[in-house]
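Here is the structure we will look at, set down as structure tokens.
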Amino acid sequence: MKQAGRGSLAVFPGSFDPITNGHLDIIARGLSVFDDVTIAVLVNPGKQALFTVAERVEIIREAFRGEPRVKVDTFSGLLVDYAERAGAAVIVRGLRAISDFEYEFQMALMNRRLNPRIETVFMMPAESYSYLSSRLVKEVFQLGGRVRDLVPPIVERRLAEKYGATAPPASPRKRPRRGR
Ligand code: PNS
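Note that the sequence shown covers residues 2 to 181 in our numbering.
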């Protein structure tokens, strides 16, 4: 395995539908260990998503504008094949809670079997993000809940555009109900 140090690259793969502050937290932690992090958005036509892959890439680029150590890319097929092609020896994944563990453990071991040269590194986000997921962000926003501080501002704007509404105001009391 290539050591973390000069020129080290980690891949941070996922669906990112949409990217959340929990993801940003993990990326920041990744940048404290690796020189560069490539956010790799899975192209999965079989999975229904709110944002298209192109939209997700655009959102992530905007969220990381001015951060040269973070790149954004897309991939399909096996993650380990993508990581190898990209020149990364490490896959970074976030572990929020015990409930993530089994799925992540299976994936990490399968990926190791598929390509023992690629190592999976798990990082824990701040506790305040331990309950945060893209799925919950979409649901909460759609139902009129407040997602500020849980997602980058660009995501809040794009959610508002998607759901045909303006972003909820700062005060939860004045918030209109939206969605179903
Ligand atoms: O954000 P997600 O949806 O939890 O990310 C899951 C992801 C993209 C990491 C996973 O589905 C993946 O790696 N897919 C690529 C296909 C692959 O390599 N499958 C074998 C993994 S053991």
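Heads up, the beta-carbon is just placed ideally off N, CA and C, and yes, glycines get one too. Remember, predicted model here, so these are calculated numbers, not experimental data.
1) Specify which residues have a beta carbon nearer than 6 angstroms to any heavy atom of the ligand PNS, listing them in chain order.
2) Per DSSP, which one or two residues make a beta bridge with P19?
3) Would you give the residue range spanned by the beta strand (DSSP E) that A127 belongs to?
4) Identify whether L43 lies in helix, strand or coil by the three-state DSSP scheme.
5) In chain order, which alpha helix (DSSP H) runs of at least 4 residues are fully inside the region 40–128?
6) My output table needs one value for P14: the three-state DSSP class, helix, strand or coil.
7) Using the Cβ count rule (16 or more neighbours within 10 Å means buried), how would you classify E140?
8) Three or more C-beta pairs closer than 8 angstroms, one from the region 77–96 and one from the region 116–124: is that the case here?
9) Within the continuous alpha helix (DSSP H) that includes P154, where are the two ends?
10) On the premise that A87 lies in contact with L10, defined as a C-beta separation below 8 angstroms, what is that separation, rounded to the nearest angstrom?
11) V184 by DSSP, collapsed to three states: which one?
12) Give the secondary structure of R149 by DSSP, where H, G and I count as helix, E and B as strand, and everything else as coil.
13) Distance check for Y132 and F52, CA to CA, integer angstroms please.
14) Secondary structure at S9, three-state DSSP: helix, strand or coil?
From the atom records:
1) Result (chain order): P14, G15, S16, L43, L79, L80, M108, M111, N112.
2) Residue numbering aside, residue 19 sits at position 18 when the sequence shown is read from its first letter. Per DSSP, none; premise fails for P19.
3) Taking the first residue of the sequence shown as position 1, residue 127 is located at position 126. If you look at A127, you'll find it isn't in any beta strand (DSSP E); DSSP assigns it neither H nor E.
4) The residue labelled residue 43 in the question sits at position 42 within the sequence shown. Reduced to three states, the DSSP call for L43 is strand.
5) Counting only runs of 4 or more, we get 54–64, 80–87, 99–115.
6) Here residue 14 corresponds to residue number 13 of the sequence shown, with the count starting at 1. Looking at P14 - three-state DSSP - the assignment turns out to be strand.
7) If you number the sequence shown from 1, residue 140 lands on position 139. With fewer than 16 other CB atoms across the displayed protein chains lying within 10 angstroms of its CB, E140 is exposed.
8) Yes: the two stretches touch, three or more of their Cβ pairs being nearer than 8 angstroms.
9) The residue you call residue 154 lines up with position 153 of the sequence shown. Per DSSP, P154 is one residue of the alpha helix (DSSP H) stretching across 154–163.
10) If you number the sequence shown from 1, residue 10 lands on position 9. If you number the sequence shown from 1, residue 87 lands on position 86. Rounded to whole angstroms, the Cβ separation of L10 and A87 is 7 angstroms, and the two are in contact under 8 angstroms.
11) It is not possible to answer for residue 184, since the shown part of the chain is limited to 2 through 181.
12) Start at 1 with the first residue of the sequence shown, and residue 149 comes out as number 148. DSSP, read as helix, strand or coil, puts R149 in strand.
13) As a first step, residue 52 is located in the sequence shown; it is residue number 51 there, counting from the start. As a first step, residue 132 is located in the sequence shown; it is residue number 131 there, counting from the start. The straight-line gap separating the alpha-carbon atoms of F52 and Y132 is approximately 22 angstroms.
14) To locate residue 9, count along the sequence shown from 1; it is residue 8. DSSP places S9 in coil when its eight states are reduced to three.
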